[in-house]
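Residue numbers (this note's numbering), protein chains in the order written: chain A, 6 to 118; chain B, 66 to 180.
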Amino acid sequence: AQSVAQPEDQVNVAEGNPLTVKCTYSVSGNPYLFWYVQYPNRGLQFLLKYITGDNLVKGSYGFEAEFNKSQTSFHLKKPSALVSDSALYFCAVRDQAGTALIFGKGTTLSVSS
Amino acid sequence: SAVISQKPSRDICQRGTSLTIQCQVDSQVTMMFWYRQQPGQSLTLIATANQGSEATYESGFVIDKFPISRPNLTFSTLTVSNMSPEDSSIYLCSVAPQVSNTEAFFGQGTRLTVV
C-alpha cells in the first residue's frame with residue numbers, strides 16, 4: 006500500500022529565509038510524487054512533480070523539491086520565503102499513471118515578516 | 066491539462082437530507098476520483114469512479130452513504146446521503162490522466178455544512 010508522511014504539522018520561517026517542508030513516502034513500485042498547495046478557502050494548486058529524471062525538480066512560485074530514492078524523501082524547498090507563501094502544503098504519491106493520489110496529512114507553512 | 070467544474074461550490078444542509086455534487090470535466094477521462102477533506106485535515110479518497118462500472122470504495126466509505134454515478138467519460142456525481150454534522154467537509158472531484166508524466170487535476174471543491 007502507498008503512504009505519505011509529512012512529519013511536521015507546522016513549519017515557521019521568517020521572510021527571506023530558506024524553507025523546507027518534509028515528505029517521505031512508501032510505494033511498492035516507482036513513485037510518482039507531487040506537491041500541492043492550498044490557500045484558505047481556495048482549491049488545491051499544483052506546485053511540482055517528480056516522475057523520472059533529475060532528482061531536483063523545479064516548480065511554480067520558486068519552489069523546488071529534491072527526490073532522494075535511498076531516503077524515500079521528496080522535501081519541498083524554497084531559497085527565500087515570502088509571507089504570501091503561508092498556506093497548507095500537501096505531498097502526494099501514486100505508483101501508476103491514472104490512479105488516485107494518496108496525500109500526506111499536510112503541513113501548514115507560516116512565514117512571518 | 067483538464068478543467069473540472071464542480072457544483073455546488075458550497076451548501077448548507079439540514080441533517081437527514083441528501084446532497085448531490087456534480088463534477089464535469091472538459092475532456093474524456095477513464096477514472097474520476099472523489100475525495101473528502103474534513104476541517105483542518107488532509108484529503109481522503111472516498112472512491113474511484115470508472116465509466117460503465119460500479120465505483121470502488123475505500124475502506125470506511127460505503128455505497129449506501131456515498132452513492133456515485135458515472136454515466137459517461139466527462140461527468141460524475143457524488144451523493145452524500147442522510148447527512149449528519151459529521152459529514153461537514155469539503156468534497157473534491159479529481160481526474161488523473163493515464164499519461165504518466167501528468168499531475169492530477171482537482172475541482173474547486175464543494176464546501177458542505179450540515180446543521
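Just so it is clear, CB atoms sit at the ideal spot from N, CA and C, and this is done for glycine as well.
Bear in mind that the values here come from a model prediction, so they are computed numbers and not experimental data.
So for residue i, helix, strand or coil by DSSP?
i	result
ASP76(B)	strand
SER115(A)	strand
PRO150(B)	helix
TYR44(A)	coil
SER85(A)	coil
SER65(A)	helix
Could you tell me the distance, in whole angstroms, from the CA atom of residue i to the CA atom of residue j?
i	j	result
LYS74(A)	ALA97(A)	15 Å
ALA161(B)	ASN115(B)	12 Å
LEU52(A)	ASP76(B)	29 Å
GLY21(A)	LYS63(A)	19 Å
GLN76(A)	LEU49(A)	27 Å
ASN35(A)	SER141(B)	30 Å
TYR37(A)	SER117(A)	32 Å
ALA125(B)	ARG101(B)	The sequence as given places Gly at residue 125(B); Ala does not occur at that position. Using only the alpha carbons, I get a separation of about 12 Å.
VAL26(A)	ASN166(B)	23 Å
VAL42(A)	GLY103(A)	21 Å
THR112(A)	GLN103(B)	15 Å
PRO73(B)	SER33(A)	37 Å
GLN173(B)	GLY58(A)	31 Å
GLY81(B)	GLY117(B)	30 Å
ALA67(B)	PHE171(B)	9 Å
CYS78(B)	LEU106(A)	29 Å
VAL9(A)	GLN101(A)	15 Å
VAL127(B)	ALA120(B)	10 Å
ARG135(B)	CYS88(B)	10 Å
PRO45(A)	LEU157(B)	15 Å
TYR30(A)	ILE56(A)	14 Å
MET96(B)	LYS54(A)	20 Å
ASN147(B)	GLN71(B)	21 Å
THR85(B)	LEU143(B)	6 Å
ASN137(B)	ARG47(A)	28 Å
ASP90(A)	PRO84(A)	12 Å
Strictly below 7 Å CB to CB, what residues from chain A border residue i?
i	result
GLY174(B)	GLY48
SER107(B)	PHE95, PHE108, GLY109, LYS110, GLY111
On the premise that residue j lies in contact with residue i, defined as a C-beta separation below 8 Å, what is that separation, rounded to the nearest angstrom?
i	j	result
ASN60(A)	GLU71(A)	6 Å
SER83(B)	VAL145(B)	6 Å
ASN17(A)	SER115(A)	5 Å
ILE111(B)	VAL90(B)	With a Cβ gap of about 17 Å, ILE111(B) and VAL90(B) do not count as contacting.
PHE39(A)	GLU168(B)	6 Å
LEU177(B)	SER153(B)	6 Å
LEU24(A)	ALA92(A)	Contact flag wrong, Cβ pair sits at about 12 Å.
ILE155(B)	THR139(B)	The Cβ separation is near 22 Å, so there is no contact.
THR113(B)	PHE98(B)	6 Å
SER149(B)	LYS110(A)	With 8 Å as the limit, SER149(B) and LYS110(A) do not qualify as a contact, their Cβ atoms being about 24 Å apart.
TYR66(A)	LEU81(A)	Actually they do not touch by this definition, with Cβ atoms about 11 Å apart.
GLN7(A)	ARG99(A)	7 Å
List, in chain order, every chain A residue whose beta-carbon is nearer than 8 Å to that of residue i.
i	result
ALA161(B)	ARG99, ALA102, GLY103, THR104, ALA105, LEU106
List the residues of chain B that residue i touches, going by C-beta distances under 8 Å, in chain order.
i	result
PHE39(A)	GLU168, ALA169
Name, please, each residue of chain A whose Cβ falls closer than 9 Å to the Cβ of residue i.
i	result
VAL164(B)	ALA102, GLY103
By the 7 Å beta-carbon criterion, what residues does the segment 90-123 of chain B contribute toward chain A? THR95, MET96, PHE98, SER107, LEU108, LEU110, THR113
Along the segment 52-64 of chain A, what residues have a CB closer than 7 Å to any CB found in chain B? LYS54, ILE56
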